[in-house]
Structure formats: C-alpha cells, structure tokens
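Peer 1:
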Amino acid sequence: MDASSTVWIIAVVALIVGTLIGYLLGRSGGNDNRQLELIEQLDETQRELAEYKEKVTTHFEETADLVSSLTDSYKAVHLHLAKSSVELCSSDVATRTLEEAAQPRLTAEPEEDVVADATASETSEESDSSMAAPLDYAPKKPDEEGTLSETFGLKEGEKEGEETPADPADFAEKKEENKTEETTKPA
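Each residue of the sequence shown is one higher than the one before, counting from 1 in full-length UniProt numbering.
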C-alpha cells in the first residue's frame with residue numbers, strides 16, 4: 001500500500017466519523033428546541049388563562065357595582081314617593097302602605113290588607129274556588145264512570161270479559177283464505 005491510499009482511507013474514515021458525530025449532536029439538540037417550544041406554548045396558555053380570569057373578575061365586580069347603584073336608585077325613588085305621599089295625600093293608608101313596602105319581610109306570613117271590605121272578602125273566596133288545581137282527567141257525572149276506569153270508552157255491548165281477543169292463528173288462517181279467494185277469482 002502506498003502512502004496515497006493510506007491518506008484516502010484515513011480521509012474517508014474521518015468523514016464517516018465526523019458525519020456520525022454531527023448526526024448524533026444534531027439529533028440531541030432537536031429535543032431541546034421542541035422542549036423550548038412547548039415551554040413557550042405553556043407560558044402563553046397560562047398568560048391567556050390569567051387574562052381571562054382577570055376579565056371575569058372585572059365583569060363580576062362591575063356587575064355588582066351596577067346592581068348596587070340600581071338598588072340605591074330604587075331606594076331613592078321609593079323615598080321620593082314616600083315623601084310625596086306624605087305631602088300630597090292626607091290618607092294614612094298610602095303612607096302605611098309605602099312604609100310597609102320599605103320594610104323587608106323576614107317571615108313568609110300572609111300579608112294583611114290595610115283596608116278590609118266585605119266585598120273584597122267575597123271576591124277573594126270566589127277567586128280561591130276558581131283557582132283550583134287543574135284536573136288530570138275529565139270531570140264526570142256521579143252516575144258515570146271516570147276516565148281512569150278500566151271500562152272507560154268501551155261501548156255498552158263491549159264490557160270487559162264478554163269478548164276475548166282473537167287468536168293470532170285464526171287471523172293468519174283468515175288472511176290465507178282471503179289470498180286464495182283473490183287468486184282464484186277470474187279477472
């Protein structure tokens with residue numbers, strides 16, 4: 001072997017070893033890039049979640065402020081009406097009604113009317129009777145059977161037990177007879 005062939009062999013072996021080392025280093029560095037991308041994506045997602053939570057918090061704080069101002073406005077209107085009723089109305093009934101409306105109810109007791117009238121009690125009794133719960137069935141006369149009865153809707157001659165349902169085998173035989181009659185009839 002001469003010197004030139006030895007140089008060529010060393011050069012080829014060095015090229016192969018260098019390519020192999022480069023390939024291995026490149027491959028190990030690729031995972032780092034993917035990990036960095038995933039870390040950046042995770043950070044971005046966490047940042048978006050924090051922004052969303054902040055927006056939700058801001059929304060509910062603003063809603064609470066608006067409801068509070070609405071309540072204050074309602075109280076101001078009620079106070080204005082109460083003052084006006086005291087100044088303009090000579091009746092104590094309107095004043096008491098407004099004062100009762102301003103006080104929150106702590107119990108679920110039925111409200112008493114301020115002015116009790118005989119006609120008002122009669123109309124309330126009538127409205128109570130007309131406000132009966134709806135029936136799940138048609139109302140019946142005393143001598144009729146109700147809709148929940150087993151014989152409801154059956155005709156007089158069809159009382160339960162008088163007629164038994166047809167046997168499916170009899171029905172199949174009648175159907176076969178009808179088919180044979182149709183095929184044997186001349187056209």
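All residues carry an ideal CB built from backbone N, CA and C; glycine is no exception.
1) In this structure, how does DSSP classify P142 when only helix, strand and coil are distinguished?
2) Should A116 be labelled buried (16 or more other beta-carbon atoms within 10 Å of its own) or exposed?
3) What number of angstroms, rounded off, separates the C-alpha of L49 from the C-alpha of S28?
4) From L81 to A64, what distance separates their C-alpha atoms?
5) Rounded to whole angstroms, what is the Cα-Cα separation between T57 and S85?
6) In the structure shown, what three-state DSSP assignment does residue 202 receive?
7) Could you compute how far the alpha carbon of K53 sits from the alpha carbon of L36?
Peer 2: Short version:
1) coil
2) Any reading at A116 must be qualified, since the residue scores a pLDDT of 49, below 50, and its modelled position is unreliable; the value itself is stated next. Label assigned to A116: exposed.
3) 33 Å
4) 26 Å
5) 42 Å
6) Residue 202 lies beyond the residue range present for the chain, which begins at 1 and ends at 187; the question has no answer from this structure.
7) 26 Å
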